[in-house]
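Protein chains: 2
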Amino acid sequence: MSSIKDVAKAANVSTATVSRVLANHPHVRQEVRERVLAAVAQLEYRPNLIARNLRSQQSNTLGLIVSDIRNPFFTAVSRAVEDTAYAHGYNVLLCNTDENPEKELLYLQLMGDEQVAGVIFSPTLQTLNRFHELNLSFPTVLIDRSLRSGDVDAVLLDNVSAGYTLAQHLINQGYRRIGAIFGEASTTGRERQRGFEDALRDAGISMQPEYLRFVRPRSEAGHSTTLDLLRLPQPPEAIFTSNSLLTAGALQAIRERRLQMPEQIGLVGFDDTAWASLVQPAITVLAQPTDEIGRSATELVLQRVADPQRPTRKIILQGELIVRESSVEQRVRA
Amino acid sequence: MSSIKDVAKAANVSTATVSRVLANHPHVRQEVRERVLAAVAQLEYRPNLIARNLRSQQSNTLGLIVSDIRNPFFTAVSRAVEDTAYAHGYNVLLCNTDENPEKELLYLQLMGDEQVAGVIFSPTLQTLNRFHELNLSFPTVLIDRSLRSGDVDAVLLDNVSAGYTLAQHLINQGYRRIGAIFGEASTTGRERQRGFEDALRDAGISMQPEYLRFVRPRSEAGHSTTLDLLRLPQPPEAIFTSNSLLTAGALQAIRERRLQMPEQIGLVGFDDTAWASLVQPAITVLAQPTDEIGRSATELVLQRVADPQRPTRKIILQGELIVRESSVEQRVRA
DNA sequence: AAATTCTTTGTAATCGATTACAGTAATTTC
DNA sequence: GAAATTACTGTAATCGATTACAAAGAATTT
Chain B
1 MSSIKDVAKA
11 ANVSTATVSR
21 VLANHPHVRQ
31 EVRERVLAAV
41 AQLEYRPNLI
51 ARNLRSQQSN
61 TLGLIVSDIR
71 NPFFTAVSRA
81 VEDTAYAHGY
91 NVLLCNTDEN
101 PEKELLYLQL
111 MGDEQVAGVI
121 FSPTLQTLNR
131 FHELNLSFPT
141 VLIDRSLRSG
151 DVDAVLLDNV
161 SAGYTLAQHL
171 INQGYRRIGA
181 IFGEASTTGR
191 ERQRGFEDAL
201 RDAGISMQPE
211 YLRFVRPRSE
221 AGHSTTLDLL
231 RLPQPPEAIF
241 TSNSLLTAGA
251 LQAIRERRLQ
261 MPEQIGLVGF
271 DDTAWASLVQ
281 PAITVLAQPT
291 DEIGRSATEL
301 VLQRVADPQR
311 PTRKIILQGE
321 LIVRESSVEQ
331 RVRA
Chain R
1 MSSIKDVAKA
11 ANVSTATVSR
21 VLANHPHVRQ
31 EVRERVLAAV
41 AQLEYRPNLI
51 ARNLRSQQSN
61 TLGLIVSDIR
71 NPFFTAVSRA
81 VEDTAYAHGY
91 NVLLCNTDEN
101 PEKELLYLQL
111 MGDEQVAGVI
121 FSPTLQTLNR
131 FHELNLSFPT
141 VLIDRSLRSG
151 DVDAVLLDNV
161 SAGYTLAQHL
171 INQGYRRIGA
181 IFGEASTTGR
191 ERQRGFEDAL
201 RDAGISMQPE
211 YLRFVRPRSE
221 AGHSTTLDLL
231 RLPQPPEAIF
241 TSNSLLTAGA
251 LQAIRERRLQ
261 MPEQIGLVGF
271 DDTAWASLVQ
281 PAITVLAQPT
291 DEIGRSATEL
301 VLQRVADPQR
311 PTRKIILQGE
321 LIVRESSVEQ
331 RVRA
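Protein sequence lines correspond, in order, to chains B and R.
The end of the first sequence is residue 334 by the UniProt record's numbering, with every number in the run present.
The end of the second sequence is residue 334 by the UniProt record's numbering, with every number in the run present.
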């Protein structure tokens with residue numbers, strides 16, 4: 001591997017001049033510039049990014065910290081983050097935390113050690129609450145979750161509105177007794193619950209507390225909780241889930257009980273996963289704009305890298321209701 | 001951020017001594033060692049990894065280059081790669097190439113610039129063919145695809161055997177006229193085809209060339225090709241797909257034609273995706289050991305980092321046949 | 001023609017670690 | 001008790017870039 005010294009020697013100039021040519025500085029004679037460029041080409045010189053980063057005290061790497069890349073939502077977001085980052089000349093370092101606060105702290109520290117330019121992060125409630133004590137040395141943009149207090153950049157779905165839309169859809173289809181299963185780990189579940197309850201209230205439907213459940217956002221929990229709900233003396237006519245893993249679990253439970261969807265039971269959920277349209281009946285979902293979330297988060301973090309003084313911003317995106325067969329009643333209920 | 005100089009000053013020693021304490025070198029007096037450690041703790045000193053990498057001429061980062069992280073196979077593998085890498089103190093830089101050879105070269109060059117310790121890579125046939133001209137400056141382990149010539153490390157499924165097992169399963173279930181759709185971009189499809197054909201031959205079934213298709217490994221291609229096959233004067237009794245996207249497309253096509261699975265048409269594919277067990281009937285698949293693939297590939301690349309002279313190795317893993325309803329005939333066919 | 005400004009280039013410091021080498025003090029060997 | 005060895009620590013070079021500063025020459029102004 002040739003270094004800037006080799007190029008300087010070959011072009012018969014100093015390393016400073018080589019650096020200036022490469023950085024496109026003015027004040028270099030045309031003839032010299034060409035000589036340097038020729039030497040660069042001849043030696044196939046490529047700048048050492050590590051040395052550059054050390055000197056300039058900042059790297060061209062972004063950190064992406066998610067709970068689990070296998071969650072289809074994060075898979076899709078991460079793809080968008082990477083595309084956007086690479087388009088701007090940045091790399092992406094990926095970490096999975098499994099919603100484990102210790103891992104979260106560990107990886108945040110690692111990001112500091114690696115001197116990343118910025119981080120896109122989807123934290124647990126626990127880490128969120130201590131977020132300001134962390135005193136991170138790099139700009140951070142939160143995705144999917146956020147602090148009430150407005151002093152962190154964030155890109156989020158309008159969860160309240162999304163929950164409202166999805167619940168309202170069920171109500172419009174004639175469902176009245178609606179069971180709902182929310183994830184307990186994040187702020188996201190709470191907000192979707194708010195929208196859900198608002199929709200019921202606006203429709204004049206009284207909430208039955210035993211229809212509301214908060215669980216670990218896992219397929220198993222979705223499964224067992226749905227079975228629970230279906231076992232109630234007066235079981236719900238539809239199930240609202242706040243997360244695609246919960247939806248998968250609920251679907252399994254409904255299958256086991258051999259209930260007809262959507263006639264005997266309706267089902268709706270979040271995220272337009274690959275399987276949501278492949279199962280029969282296909283599942284009605286509130287799709288998150290994953291591309292947009294990833295892209296916006298990356299642009300936000302890069303803007304803050306460029307201008308650390310810029311006031312913090314939250315970008316709130318709207319979801320899209322995709323109506324499929326799992327919630328559509330041919331004859332509207334009584 | 002405090003540097004090693006600050007620690008040296010605080011502990012009243014030279015930077016060399018601090019470095020020695022931190023690297024656990026012998027020949028440091030116990031009393032001095034403790035003084036340094038105290039200073040480190042007091043200043044919350046963390047070594048600058050960039051400086052360390054520059055000096056030691058190697059980084060603690062691995063590159064992972066896949067065609068698309070949204071492909072469930074790569075999602076699962078990447079999760080395993082990251083877990084293993086972080087357990088060994090390495091980070092993971094992720095890149096998506098979309099099977100675009102230009103992007104592949106670009107990212108390989110980037111990896112060189114970033115001085116990654118090693119790369120795990122799933123190349124297109126095109127890049128594979130020029131692989132040795134590339135003269136990469138870092139160790140590379142191929143996954144999912146490989147060169148015939150044995151001089152690159154690789155971790156692969158035993159694709160021939162996997163194709164054989166899956167085809168044999170269909171034959172055992174009584175299917176005789178079997179259509180097969182393979183991806184055209186990689187060596188993987190070819191090998192699975194070999195196994196497929198061997199199984200038919202061993203069972204004394206003659207191959208009909210119009211049942212064999214090679215297409216872009218996309219869901220749309222799976223869909224249209226399956227419709228094609230079903231339109232033949234004598235349509236196949238079962239469809240064999242070599243990739244989960246093709247399987248999804250085939251499933252869609254079968255649904256549109258309202259054929260009963262497995263009675264009127266059988267379906268099998270590769271990779272145990274989330275949806276394969278959620279759809280009805282659930283799909284029989286040959287599951288790849290994704291965790292094992294990711295873990296082995298990472299360990300292989302780290303071993304080569306440690307010892308560049310080590311002879312190259314190929315790790316061939318066996319898949320697992322998971323029989324579900326999409327291919328199980330209650331009454332064996334005539 | 002002297003003073004001023006601008007252009008072009010090089011020298012050397014710097015980023016923050018690691019480590020070869022050297023030097024001093026302590027210990028062991030004969 | 002002198003020589004040899006070992007233990008400990010510091011000085012300074014090094015990795016490969018960037019950049020402040022200086023300096024020399026050319027161009028412009030007065």
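Beta carbons: idealized from backbone N, C-alpha and C, even for Gly.
Of the choices Ser14(B), Leu110(B), Ser59(B), Leu134(B), whose alpha-carbon is the least far from that of His88(B)? Ser59(B)
Measure the CB-CB distance between Ser67(R) and Glu99(R) and report whether it falls below 8 Å. yes
Phe182(B) versus Asn172(B), Pro262(B), Gln193(B), residue with shortest Cα-Cα distance: Gln193(B)
Could you spell out where the beta strand (DSSP E) holding Thr320(B) opens and where it closes? The amino acid occupying residue 320(B) in the given sequence is Glu; Thr does not appear at that position. First-last of the beta strand (DSSP E) with Glu320(B): 320-322.
State the DSSP-derived secondary structure class of Ile69(R), mapped to helix, strand or coil. coil
Identify the residues that DSSP records as bridge partners of Asp153(B): which are they? Val141(B)
Leu54(R) vs Ile50(B) beta-carbon contact at 8 Å: yes
Closest residue to Leu246(B) among Leu267(B), Glu256(B), Leu259(B) (Cα-Cα distance): Leu267(B)
Tell me the rounded alpha-carbon separation between Gln234(R) and Ala203(R). 20 Å
Same chain, Cβ closer than 8 Å to Arg177(B), neighbours up to 5 away in sequence not counted: Gln208, Tyr211, Gln234, Pro235, Pro236, Glu237, Ala238
Under 9 Å (Cβ pairs) to chain R, residues found in the region 278-294 of chain B: Leu278, Val279, Gln280
In this structure, what does DSSP give as the bridge partners for Val81(R)? In DSSP, Val81(R) forms no bridge with anything.
In chain order, which continuous runs of the alpha helix (DSSP H) of length 4 or greater are located wholly inside the region 8-81 of chain B? 15-22, 30-43, 49-56
Looking at Ile265(R) and Leu156(R), is the spacing between their C-beta atoms short of 8 Å? no
Val140(B) versus Leu300(B) - alpha carbon distance: Per the sequence shown, residue 140(B) should be read as Thr rather than Val. Distance between the alpha carbons of Thr140(B) and Leu300(B): 9 Å.
Residue(s) in a DSSP beta bridge with Asn91(B): Thr61(B)
For the region 234-306 of chain B, which segments carrying the alpha helix (DSSP H) assignment without a break, of at least 4 residues, lie completely within its bounds, in sequence order? 244-256, 290-306
May I ask you to report which of helix, strand or coil DSSP gives Leu232(B)? coil
Under 7 Å between beta-carbons, which chain B residues line up against Phe54(R)? List them in chain order, please. Phe is not the amino acid found at residue 54(R); the sequence shown has Leu there. Ile50, Ala51, Leu54, listed in chain order.
Decide if the region 68-86 of chain R is in contact with the region 290-298 of chain R; the criterion is three or more beta carbon pairs, one per stretch, under 8 Å apart. yes
Classify Ala180(R) as helix, strand or coil using the three-state DSSP reduction. strand
Is the CB-CB distance between Leu321(R) and Thr188(R) below 8 Å? no
I believe Gly63(B) touches Val116(B) by the beta-carbon criterion, under 8 Å. Please report the beta-carbon distance rounded to the nearest angstrom. 5 Å
On the DSSP bridge assignment, give the partners of Gly118(R) in chain order. Leu62(R)
What first and last residue would you give for the beta strand (DSSP E) that runs through Ile316(R)? 314-317
Reduced DSSP secondary structure (H/G/I, E/B, other) of Val215(R): strand
Give a yes or no on whether the minimum CB-CB distance between Asn91(B) and chain R is below 8 Å. yes
Just checking, does the region 251-265 of chain B make contact with the region 123-133 of chain B on the three C-beta pairs under 8 Å criterion? no
What residues of chain R sit near Leu94(B), judged by a beta carbon separation below 7 Å? Glu82, Val92, Leu94
As assigned by DSSP and simplified to three states, the class of Asn96(R): strand
Report the option in His169(B), Gly195(B), Gln57(B), Asn243(B) whose CA atom is closest to the CA atom of Gln288(B). Asn243(B)
According to the neighbour-count rule (16 or more other Cβ atoms, all chains shown, within 10 Å of its Cβ), is Ala23(B) buried or exposed? exposed
At least one CB of chain B closer than 8 Å to the CB of Leu251(R): is that the case? yes
Proximity to Asp272(R) [Cα-Cα], best of Asp153(R), Glu104(R), Ala199(R), Leu286(R): Leu286(R)
By Cβ distance, which residues of its chain are closer than 6 Å to Gly11(R), with the 5 residues on each side in sequence left out? According to the sequence provided, residue 11(R) is Ala. The question's Gly does not apply to it. Correct list, in chain order: Arg35, Val36, Ala39.
One question on the structure: do Asn172(B) and Glu114(R) come within less than 8 Å of each other, judged by their Cβ atoms? no
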